[in-house]
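> Per our numbering, the sequence shown starts with residue 1030, numbered consecutively.
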Amino acid sequence: MIGSIHTRFAASFGLLWWTICSIAIAQQSDSKDPYAVERERLIRNVLIPGGIKDPRVLDSVAKTLRHEFVPPQYVRQAYLDIAIPIGESQTISSPFIVSLMTEALQPKPTDKVLEIGTGSGYQAAILSPLVQDVYTIEIVEDLGQRTTELLANLGYKNVHCRIGDGFKGWPEAAPFDKIIVTCSPADVPKPLVEQLKEGGMMVIPVGERYQQMLYLMRKKGDKLEKEALTPTLFVPMTGDAEKNRTVQPDPKHPALANTGFEEPLIRDFHIPGWYYQFGCKQIADDQAPEGKHVVEFQSSDPQLPNMLLQGMPIDGRAVKKIKLGTWLKLENVKV
């Protein structure tokens, strides 16, 4: 209940602010920026209902041209709340996840931020107007070169790019006020802890390949105090981080986690093992087919998303078919 109350309050605050700003966007929108209305719709229908409330973060999303950061064949999907392939087995994260991580970082105009995993450059672009400098590292050379050129052409002068292993950080530019990691290691790399200022903050997804938790961490002494934010799914951190990974996925034996929804909720709201939780919540139900809980999806607006996702590896050479069972109960459904 606490999480639900917080989300409703945050959404109300953000909606009030965004109603004012969206009027300005509508007045300024012209043929030079045909996607402005789509960005406004993304903020109104996804980010604010999802609990993003920092006006500076919402404003940065409104002004950042995500369609410039996706391959040409995906431009029409640029302002949907989805991850999009960008080549080299990498993706651009969904706008909600980018906004969530940015807001959790509590960016300040005086911050020097280290980003691990430049990818498309979209996350760095969102951070650029919110902080003093962004130092970003990409391990995939071809991708890093393309993104470095793109960010320069788009005028992001306070974004500094490097090609290398993000596991090692950027020691010459350290220490950093904030660190944001957009790929998932099994454990937090020690060099990143060392390069974070005392009292500094880090947002990082940690865990196995297909079961990860997004954490907000604060440095106290030589240790990190961590706060779980939400389950998530990122591409793995490669390089030294992957060499140190002890638990590998088993694509020949695919399996889902927490299918009965019996594990304790995270922050009184988030369902363990599942990510991108929108328009749904875990509730008790005496008709539940397994255990005592089910997930309830509710929506009064067809434009708002309802989803709950989970990823798992499948080796199609060894697994010829899979069987998934679901239990569905409909109440007050209009067709």
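By construction, the Cβ of each residue, glycine as well, lies at the ideal position given by its N, Cα and C atoms.
Compare the Cα-Cα distances from residue 1280 to each of 1343, 1303 and 1322 and report the closest residue.
Translated into positions along the sequence shown, residue 1280 becomes position 251. With distances taken between Cα atoms, residue 1280 lies closest to 1343.
> Under the three-state reduction of DSSP, which class applies to residue 1071: helix, strand or coil?
Taking the sequence shown and counting its residues from 1, one reaches residue 1071 at position 42. Of the three classes helix, strand and coil, the one that applies to residue 1071 here is helix, per DSSP.
> Does the beta-carbon of residue 1249 have 16 or more other beta-carbons within 10 angstroms, so that it is buried, or is it exposed?
By 1-based counting over the sequence shown, the position of residue 1249 is 220. With fewer than 16 Cβ atoms within 10 Å of its Cβ, residue 1249 is classed as exposed.
> Mark residue 1118 as exposed unless 16 or more other C-beta atoms lie within 10 angstroms of its C-beta, in which case mark it buried.
By one-based count along the sequence shown, residue 1118 stands at place 89. The residue is exposed, with fewer than 16 neighbouring Cβ atoms inside 10 Å.
> For the structure I just gave you, are there three or more beta carbon pairs, one from the region 1263 to 1270 and one from the region 1200 to 1214, closer than 8 Å?
These segments touch.
> Does residue 1272 come out as helix, strand or coil in the three-state DSSP assignment?
One-based indexing of the sequence shown puts residue 1272 at position 243. In this structure, residue 1272 counts as helix in the three-state DSSP scheme.
> With burial defined as no fewer than 16 other Cβ atoms inside 10 Å of the residue's Cβ, what is the status of residue 1328: buried or exposed?
For the purposes of this step, residue 1328 is taken as the residue at position 299 of the sequence shown. Exposed, by the Cβ-count rule.
> Suppose you measure from the CA of residue 1351 to the CA of residue 1303; what does that come to, to the nearest Å?
Indexing the sequence shown from 1 puts residue 1351 at position 322. Indexing the sequence shown from 1 puts residue 1303 at position 274. Cα to Cα, the separation comes out at about 19 Å.
> What does DSSP give as the partner residue(s) for residue 1162 in the beta ladder?
Within the sequence shown, residue 1162 is the residue found at index 133, counting from 1. 1141, per the DSSP bridge assignment.
> With 16 as the cutoff for other CB atoms within 10 Å, does residue 1130 come out buried or exposed?
Residue 1130 sits at position 101 when you count from the first residue of the sequence shown. Looking at its Cβ environment, which holds 16 or more other Cβ atoms inside 10 Å, residue 1130 is buried.
> Using the Cα positions of residue 1312 and residue 1169, report the straight-line distance between them to the nearest angstrom.
Residue 1312 sits at position 283 when you count from the first residue of the sequence shown. Residue 1169 sits at position 140 when you count from the first residue of the sequence shown. If you take the alpha carbons of residue 1312 and residue 1169, they lie about 43 Å apart.
> What residue range does the beta strand (DSSP E) around residue 1115 cover?
Here residue 1115 corresponds to residue number 86 of the sequence shown, with the count starting at 1. Note, residue 1115: beta strand (DSSP E), 1113 to 1116.
> Only counting the same chain, and skipping five residues up and downstream in sequence, which positions put a Cβ closer than 8 Å to that of residue 1104?
Looking up residue 1104 in the sequence shown gives position 75. For residue 1104, where only same-chain residues beyond five positions count, the Cβ hits under 8 Å are 1096.
> Which residues does DSSP list as the beta-bridge partners of residue 1257?
As a first step, residue 1257 must be located in the sequence shown, where it is residue number 228. In the DSSP output, where bridge partners are listed per residue, residue 1257 has 1244.
> Please tell me whether residue 1239 and residue 1340 are closer than 7 Å, where the distance is taken between their beta carbons.
Locating residue 1239 in the sequence shown gives position 210, counting from the first residue. Locating residue 1340 in the sequence shown gives position 311, counting from the first residue. Contact: yes.
> Are the Cβ atoms of residue 1143 and residue 1098 separated by less than 7 Å?
Walking along the sequence shown from the start, residue 1143 turns up at place 114. Walking along the sequence shown from the start, residue 1098 turns up at place 69. Their beta carbons are not under 7 Å apart, which means residue 1143 does not touch residue 1098 by this criterion.
> Could you tell me the boundaries of the alpha helix (DSSP H) in which residue 1178 lies?
Looking up residue 1178 in the sequence shown gives position 149. Note, residue 1178: alpha helix (DSSP H), 1170 to 1182.
> Do residue 1083 and residue 1132 come within 7 Å of each other at the CB atom, strictly closer than that value?
Locating residue 1132 in the sequence shown gives position 103, counting from the first residue. Locating residue 1083 in the sequence shown gives position 54, counting from the first residue. Against a cut-off of 7 Å, the Cβ pair of residue 1083 and residue 1132 comes out as a contact.
> Start and end of the beta strand (DSSP E) containing residue 1324?
Along the sequence shown, one-based indexing puts residue 1324 at 295. Its beta strand (DSSP E) spans residues 1322 to 1326.
> If we ignore side chains and look at the alpha-carbon of each, how far apart do residue 1297 and residue 1290 end up?
Taking the sequence shown and counting its residues from 1, one reaches residue 1297 at position 268. Taking the sequence shown and counting its residues from 1, one reaches residue 1290 at position 261. The straight-line gap from Cα to Cα measures roughly 13 Å.
> Assuming residue 1100 and residue 1116 are in contact, meaning their beta carbons sit under 8 Å apart, how far apart are those beta carbons, in whole angstroms?
Reading the sequence shown from its first residue, position 71 is the one you call residue 1100. Reading the sequence shown from its first residue, position 87 is the one you call residue 1116. Indeed they touch by this definition, with Cβ atoms about 7 Å apart.
> Of all the beta strand (DSSP E) runs that stay within the bounds of the region 1292 to 1355, which reach a length of 3 or more residues?
Within the region 1292 to 1355, the complete beta strand (DSSP E) runs of at least 3 residues are 1304 to 1307, 1309 to 1313, 1322 to 1326 and 1336 to 1338.
> Measure how close the beta-carbons of residue 1257 and residue 1295 come, nearest whole angstrom, since I'm counting them as under 8 Å.
Taking the first residue of the sequence shown as 1, we reach residue 1257 at position 228. Taking the first residue of the sequence shown as 1, we reach residue 1295 at position 266. Residue 1257 to residue 1295, Cβ: 5 Å. Contact.
> Specify, as a first and last residue, the run of the alpha helix (DSSP H) that residue 1222 falls within.
Taking the first residue of the sequence shown as 1, we reach residue 1222 at position 193. Looking at the DSSP string, the run of the alpha helix (DSSP H) that includes residue 1222 is 1219 to 1224.
> Using the C-alpha atoms, what's the distance from residue 1191 back to residue 1246?
Looking up residue 1246 in the sequence shown gives position 217. Looking up residue 1191 in the sequence shown gives position 162. Near 24 Å, if we compare the C-alpha coordinates of residue 1191 and residue 1246.
> Please state the DSSP three-state secondary structure of residue 1361.
Counting from one through the sequence shown, the residue named residue 1361 turns up at place 332. Of the three classes helix, strand and coil, the one that applies to residue 1361 here is coil, per DSSP.
> Here's the rule I'm using: 16 or more other beta-carbon atoms within 10 Å means buried, otherwise exposed. How should residue 1293 be labelled?
By 1-based counting over the sequence shown, the position of residue 1293 is 264. Under this definition residue 1293 is an exposed residue.
> Can you tell which of 1134, 1299, 1251 and 1236 has the C-alpha that lies nearest to the C-alpha of residue 1273?
Numbered from 1 along the sequence shown, position 244 holds the residue referred to as residue 1273. Nearest of 1134, 1299, 1251 and 1236 to residue 1273, Cα basis: 1236.
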